[in-house]
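This report concerns only the one structure given below.
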C-alpha cells in the first residue's frame with residue numbers, strides 16, 4: 095500500500111513560511127506537494143476499491159454462469175468505472191479542500207494582500223517603503239516603529255504586527271503604507287518615512303508572555319538587539335533623523351521598557367539629537383514601576399527642566415465591547431488617569447480601544463494628530479531634509495501602484 099501523510103498540503107504551505115513576501119511561493123509549493131500526495135492517494139484508493147469491486151462483479155457474473163467473454167467485459171468495465179469514480183472524487187473533493195486550505199493560510203495566517211511588509215529580523219518587519227522594490231527608496235527623514243497591543247483570544251498573534259494598524263473599513267490595507275506617505279506632505283515639502291513594526295508575545299499578563307519571550311526584560315533586550323544593533327538597517331543611528339515610537343495598549347508599556355533598556359545599554363543612542371515620541375496608548379494599572387523608571391529617565395534630575403524627548407497620548411473616549419466569562423459588555427479598557435500618566439500632550443478621540451489606531455481615512459482625527467506630531471518632530475530636527483523635488487511625488491505615486499521606478503537622487 096502507498097501511503098502519504100494526511101497533512102501533506104498543510105506541511106507544504108507551512109514549510110519555509112517566513113516573511114509575508116514569500117507566501118506566494120509557499121502556497122504554490124504547498125499545492126504542488128499536496129497534489130502529489132493526492133495522486134498517491136488516488137492510486138491507493140484505486141487499488142482498494144477496484145480489487146473489492148472487481149471481485150464482487152466477477153463473482154456475480156460467474157455465479158449466473160455467463161460466458162468468459164461477458165466476464166472479461168464486466169471485469170474491465172468495472173475496472174474503468176471504479177477508476178473514474180476514484181479520480182473524480184479526489185479531484186472535486188480533495189483538490190477543492192486543498193484550495194480552501196491554501197487560501198485560508200494565504201489570507202489568514204500570512205498577510206500578502208494586506209501588507210507588503212517584509213521580515214527584517216525575528217521580531218521586526220518593515221511596512222514602508224517596500225524593501226522588495228528593485229530600486230532603493232529615498233533616504234528616510236524619520237524612522238517610525240510600531241508596537242502592537244494585547245493579544246485578544248479571537249485574534250491571531252502572528253498577524254498583530256500589521257492588523258493592529260490596518261484601515262478601519264478595509265481589511266486588506268494598512269495606513270502606514272496607504273495613508274501616511276501622502277499625508278506627510280505639505281506646502282510642497284515631503285517627509286520620507288521608514289516604518290517598522292514589531293511582533294512580540296503579548297499575553298494579558300507581562301509575567302506570562304510565553305516561552306518565546308521568557309519575561310519582560312528578556313523580550314525588551316531582544317528588541318533592542320534587533321532594532322538598534324542589526325547589521326542591516328538599525329534605527330537611531332543617523333544624526334538628525336528623529337525616531338518615533340508608536341504603541342497601542344501594551345505596546346505603550348513595552349516602549350517605556352525599551353527606552354529604559356536602551357539608556358542602560360547604550361546611552362549615546364538616546365542623545366538630544368534623537369528625540370523619542372511614544373504615542374497613542376499608555377496602558378493599565380499595573381505599570382507603576384516602569385512608569386516611575388520611565389518618568390525618571392525622561393525628565394532626568396530635578397535641576398533639568400526640559401524633558402529628553404516628547405511623550406504624547408491619544409485616549410479612546412468610547413467603550414469597547416468585550417466578553418467576560420461568556421457575557422458581553424462594554425468597558426473602558428484604559429482609564430483616562432492611566433492614559434494621562436507622564437505625557438506632555440493628552441488627546442481624546444471618538445473611537446473605541448481598537449479603532450483608535452485604525453483610521454477610516456486621512457481625515458480621521460487620531461490620524462491627523464499623529465501626522466501633525468510627526469511633522470513637528472521632524473521640523474524640530476535640524477538635519478531633516480524636506481524633499482522638494484517633484485520626482486519624489488512621482489516616485490511615491492508609482493510606489494502606491496506597486497511599481498518601482500528610479501527614485502529621485
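Residue numbers (the numbering used here): 95 to 503.
Using N, Cα and C, we set each Cβ at its ideal position, and we do this for glycine too.
All values reported here derive from a predicted model rather than from experimental measurement.
Contacts around residue i, its chain only, beta-carbon distance under 6 Å, and the 5 residues preceding and following it disregarded
i	result
residue 271	221, 222
residue 465	277
residue 174	none
residue 214	220
residue 449	262
residue 456	273, 277
residue 381	Low local confidence applies: a pLDDT of 44 at residue 381 is under 50, so the model's placement there is unreliable, and no value is given.
residue 170	none
residue 312	none
Beta-carbon spacing of residue i, residue j below 9 Å
i	j	result
residue 346	residue 240	no
residue 292	residue 274	no
residue 452	residue 269	yes
residue 348	residue 294	yes
residue 286	residue 232	yes
Neighbour-count burial assignment, residue i, 16 or more Cβ in a 10 Å radius
i	result
residue 68	Because residue 68 is not part of the residues shown, which for the chain are 95 to 503, the question remains open.
residue 468	buried
residue 237	buried
residue 461	buried
residue 329	buried
Contact set for residue i: own chain, Cβ-Cβ below 7 Å, skip 5 residues either direction
i	result
residue 242	254, 255, 258, 296, 342, 345
residue 244	296, 298, 343, 344
residue 216	320
residue 260	208, 267, 268, 452
residue 167	none
Inter-residue CB distance, residue i and residue j (contact presumed, cutoff 8 Å)
i	j	result
residue 454	residue 263	6 Å
residue 315	residue 218	Contact doesn't hold; Cβ gap of about 14 Å is too wide.
residue 471	residue 335	Rounded, the Cβ-Cβ distance is 10 Å, inconsistent with contact.
residue 318	residue 355	5 Å
Entirely within the segment 228 to 278 and at least 3 residues each: give me those beta strand (DSSP E) ranges in chain order. 236 to 241, 264 to 268
So within the segment 445 to 477, which uninterrupted alpha helix (DSSP H) runs reach at least 4 residues, ignoring any that extend past its ends? 459 to 473
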